[in-house]
Amino acid sequence: MDLTKMWCGFPISKCCPLTPVCRCVSQLRSVYTWTISKAMGNSKWSKNEAAVLGMPQRERQLHLAVMGNERETVRNLILEGADINYPWSNPTVPSVKDSTTPLLAAVSLNHVDITMILLNAGANVNLADRNDCTPLYKAAYHGRPHLVDILVQAGADINRADKDGQTPLYICVQNAIVHSSFATVQKLLTAGASLDKCDNSGKSPLNVAAHWKLKDMINRHSAYKDYDDMDTGSRAPGRGLAQEDMAL
Numbered sequence: 561m562d563l564t565k566m567w568c569g570f571p572i573s574k575c576c577p578l579t580p581v582c583r584c585v586s587q588l589r590s591v592y593t594w595t596i597s598k599a600m601g602n603s604k605w606s607k608n609e610a611a612v613l614g615m616p617q618r619e620r621q622l623h624l625a626v627m628g629n630e631r632e633t634v635r636n637l638i639l640e641g642a643d644i645n646y647p648w649s650n651p652t653v654p655s656v657k658d659s660t661t662p663l664l665a666a667v668s669l670n671h672v673d674i675t676m677i678l679l680n681a682g683a684n685v686n687l688a689d690r691n692d693c694t695p696l697y698k699a700a701y702h703g704r705p706h707l708v709d710i711l712v713q714a715g716a717d718i719n720r721a722d723k724d725g726q727t728p729l730y731i732c733v734q735n736a737i738v739h740s741s742f743a744t745v746q747k748l749l750t751a752g753a754s755l756d757k758c759d760n761s762g763k764s765p766l767n768v769a770a771h772w773k774l775k776d777m778i779n780r781h782s783a784y785k786d787y788d789d790m791d792t793g794s795r796a797p798g799r800g801l802a803q804e805d806m807a808l
């Protein structure tokens, strides 16, 4: 493999940084160079090399171990001093994973054991990504009641909203048409999730439930609070729903 040139044919020093393939190969070259250097006995991880990959090597290995559900590797890296709250950063090849913590990744991937390992090691349960999504938000998004329980017990902020003003309860109801986990809604409500907190557009979790005609979910919500008022731009939830809205 010729690491002196990019796939576009230009020398590395003159390669266009805007070419996605070039960015990817540049990153692979950096990893390759570091791996060879370490194999030859030079284990020093310089600040310049860390800057190329966007994060220190140990923290990068922790993220990869979390994604691979490698429990023992995660434990060992924590013992070696890896920062368990270090967010993923890869400026060379940006992705949706950028700014996510190991705990966010574990919850998103439904890696329950690793979630527990990270929490027991002191991971910040309320540390959010660039979209203000917390681990609890992710658990609610995917409809995972067991993880909701674990995170709430660890001190998760039950009503912390994302940048759009959507709380864990809101996003759980919105995605219920996909995950159908009414148990997760119940867990959130039992933990004190607010039925009144609206998103930036003024809609509440009940408004969303009514919009999707989620009869069972509306009934479960209504067991906690009655809603008779009409909201702006949405069908009224709770007892105020018309019979045709409730007929599924």
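So for the sequence shown, our numbering puts the first residue at 561; every next one is plus one.
Think of the CB as a built atom: it goes at the ideal place given N, C-alpha and C, for glycine as much as any other residue.
How many angstroms separate the CA atom of P694 from the CA atom of Q746?
Strictly speaking, residue 694 in this sequence is Thr, with Pro absent from that position. Going by the C-alpha atoms only, they are around 19 Å apart.
What does a CB cutoff of less than 6 Å around S659 pick up in its chain, not counting 5 residues either side in sequence?
P647, D689, R690
Report the residue from L749, K773, D724, T750 whose alpha carbon sits nearest the alpha carbon of G762.
D724
Run through the segment 642 to 723 for me and flag every whole beta strand (DSSP E) of 3 or more residues, listed as ranges in chain order.
none
Limits of the unbroken alpha helix (DSSP H) element including M627
617 to 627
As assigned by DSSP and simplified to three states, the class of L755:
coil
Rounded to the nearest angstrom, what separates E619 and A770 at their Cα positions?
44 Å
Could you spell out where the alpha helix (DSSP H) holding T750 opens and where it closes?
742 to 750
Of all the options P616, L696, G703, which has the alpha carbon lying nearest to the alpha carbon of F742?
G703
Proximal residues to H623 (C-beta, below 7 Å), its chain only, five neighbours per side dropped
W648, P662, A665
Within the continuous alpha helix (DSSP H) that includes L639, where are the two ends?
631 to 639
Beta-carbon proximity of L678 to N645, cut-off 7 Å
no
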